[in-house]
Amino acid sequence: MSPKDHSRSSLELLEPIFSVDLTATVIGGMAKTGTTLPLTLLDGHPDLVTFPEELRFFHMKADRRDAARAARKFLDNENTRRLASGKTDYSLTDYTAHGGTGFGSMDYSMFDWDLFERLIVDGFAAHSVPLSRFRVVIAAYLLAMGRAIPDGRLHFVCKAPHNERFARKWRRMLGPRGRFIQCTRDPMEHYLSLVNVARMYDHTPQSAGAFARTVRKRLRLWAIYPADQLFVLDYDRLTADTEAVMHQLAEFIGVPFHASMLEPTKNGQPWLGNSSRGVVKDRVFRNSAIARDQLSAEDQRCIERRLHRFMARMGYALSAPVGPMEEARDALRWFGEFLRNRRAR
-10 MSPKDHSRSS LELLEPIFSV DLTATVIGGM AKTGTTLPLT LLDGHPDLVT
40 FPEELRFFHM KADRRDAARA ARKFLDNENT RRLASGKTDY SLTDYTAHGG
90 TGFGSMDYSM FDWDLFERLI VDGFAAHSVP LSRFRVVIAA YLLAMGRAIP
140 DGRLHFVCKA PHNERFARKW RRMLGPRGRF IQCTRDPMEH YLSLVNVARM
190 YDHTPQSAGA FARTVRKRLR LWAIYPADQL FVLDYDRLTA DTEAVMHQLA
240 EFIGVPFHAS MLEPTKNGQP WLGNSSRGVV KDRVFRNSAI ARDQLSAEDQ
290 RCIERRLHRF MARMGYALSA PVGPMEEARD ALRWFGEFLR NRRAR
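Using our numbering, you'd call the opening residue of the sequence shown number -10 and step up by one each time.
In structure tokens:
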């Protein structure tokens, strides 16, 4: 087969995806807010096509003009490359497995990586519009999995790490087709989890003030999404009452509730990643009280001062209300830090 015929064959395979009525649910959130859990709970739903690994579409600049570089960057990313890994079993006793997030089985032994790579390269070369390239990724994934591109409608689900950083791009690309899940968590638990991970890898933990500033910046980006296209998913509520929250989530994305939404899986295989174990192992990660015992009083007060409105809105525990004078002083303190950081840059 000549290169030209090879290219035409790829485009013929991809062609049906452009007539599909596409809806996409994109899961995002800061690290350690439980973003993997909703993905694995939606994985087995019969009406959804779920991309089992992190889909770093904008993160890897898959929308760049240079099609060859865009395709190569997307394909060479370690998260995409996991689709070529065959079958892997992770041990519950090895926390560092899969970067500390993977326990259970991962089976991509049926995945045709060569076909996937060819379709991505040829599809990106033929299409420059971001939405068209996004459709190419979906079609390439389905075909490499040995599945047909459905006629009529398709609801695609993916986890986009730090999705909130690319909120405008996702909203602009998907428009009314988009559904956006933003994961969040009790800031005390969240900060302690980040500190523990940093220490495990012998990194210097982020300060409580820097953590709170980052959270505030990310929260402001939620306003970019239309209210009817945004679902704020609280990890504590999800692990405490999984069935009720998943009923709400099913209604939000427009599919009927299914029993598979209560068991975390990845490509149909049981999955016990860190966040998933909060559902599977007696809610072991719902530990706000433990977090407060392990964090210093100074760190707790710093987080509460800067995030008290958000914590009150979400129903997270606050040790004491923050008065208007303290709130004003904290605003001035935050603004001073902002100016100092700006001058330092």
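Built from N, CA and C at the ideal position, the CB exists for glycine as well.
Residue i versus the options, residue with shortest Cα-Cα distance
i, options, result
"Leu0", "Phe105, Pro119, Asp65", "Phe105"
"Ala216", "Pro165, Gly135, Met235", "Pro165"
"Gly75", "Phe63, Asp96, Asp111", "Asp96"
"Leu222", "Leu30, Arg295, Tyr180, Ala59", "Leu30"
"Met99", "Arg207, Thr77, Ala115", "Thr77"
"Pro253", "Gly243, Pro245, Thr228, Ile242", "Thr228"
"Ala20", "Glu43, Val38, Ala13", "Glu43"
"Asp111", "Ala73, Arg58, Arg70", "Arg58"
"His297", "Lys158, Leu219, Ala199, Arg205", "Arg205"
"Arg54", "Pro41, Leu72, Ala115", "Ala115"
"Thr373", "Asp140, Arg168, Ala129", "The question about residue 373 has no answer, for the chain in this structure spans -10 to 334."
"Ala199", "Cys291, Phe63, Met49, Leu2", "Cys291"
"Gly304", "Asp225, Phe47, Phe246, Arg160", "Asp225"
"Thr24", "Ala149, Leu208, Trp211", "Ala149"
"Gly18", "Asp52, Arg154, Arg61", "Arg154"
"Phe169", "Arg61, Phe145, Val186", "Phe145"
"Trp260", "Arg161, Arg45, Ala233, Gly33", "Gly33"
"Trp159", "Tyr79, Ala73, Asp52", "Asp52"
Burial state of residue i, where buried means 16 or more other Cβ atoms lie within 10 Å
i, result
"Ile16", "buried"
"Leu284", "buried"
"Phe274", "In this predicted model, Phe274 has a pLDDT of only 47, less than 50, meaning its place in the structure is not dependable; the value taken from the coordinates is given anyway. When all chains shown are included, Phe274 counts as buried."
"Ile6", "buried"
"Asn256", "buried"
"Asp271", "With a pLDDT of 43 at Asp271, under the threshold of 50, the modelled position of this residue cannot be trusted; read the value that follows with caution. Exposed: under 16 other Cβ atoms inside 10 Å."
"Ile279", "exposed"
"Val118", "exposed"
"Leu251", "exposed"
"Arg122", "buried"
"Leu321", "exposed"
"His(-5)", "Its pLDDT being 48, under 50, His(-5) is placed unreliably in this model, and the value from its coordinates should be taken loosely. Exposed: under 16 other Cβ atoms inside 10 Å."
"Asp230", "exposed"
"Leu328", "exposed"
Residue i vs residue j beta-carbon contact at 9 Å
i, j, result
"Trp336", "Ala133", "Residue 336 lies beyond the range of the chain shown here (-10 to 334); nothing can be said about it."
"Glu67", "Ala197", "no"
"Gln195", "Leu183", "yes"
"Thr22", "Arg202", "no"
"Met177", "Arg281", "yes"
"Ile127", "Leu307", "no"
"Val38", "Leu143", "yes"
"Ala239", "Cys147", "no"
"Ile242", "Arg157", "no"
"Leu3", "Leu108", "yes"
"Leu28", "Pro41", "yes"
"Phe299", "Leu210", "no"
Limits of the unbroken alpha helix (DSSP H) element including residue i
i, result
"Thr24", "Neither: Thr24 is in no alpha helix (DSSP H) and is coded neither H nor E."
"Lys62", "56 to 65"
"Ala349", "The structure shown does not extend to residue 349, since the chain is modelled only from -10 to 334, so the question has no answer here."
"Ile16", "Unbroken run through Ile16 is the beta strand (DSSP E), 10 to 17; no alpha helix (DSSP H)."
"Phe299", "286 to 303"
"Ile127", "119 to 133"
"Ile242", "231 to 242"
"Leu163", "156 to 163"
One or two residues paired with residue i in a DSSP bridge
i, result
"Val38", "Phe145"
"Phe200", "DSSP, once it has assigned bridges, lists no residue as partnering Phe200."
"Thr254", "Pro259"
"Thr94", "One point to set straight first is that residue 94 is Ser, not Thr, in the sequence displayed. In DSSP, Ser94 forms a bridge with Asp78."
"Glu43", "Lys148"
Start-to-end residues for the beta strand (DSSP E) that takes in residue i
i, result
"Ala115", "Here Ala115 belongs to no beta strand (DSSP E); instead the alpha helix (DSSP H) covers 102 to 115."
"Tyr79", "76 to 79"
"Arg53", "Where Arg53 is concerned, there is no enclosing beta strand (DSSP E), given that its DSSP letter is neither H nor E."
"Leu219", "219 to 223"
"Arg168", "167 to 173"
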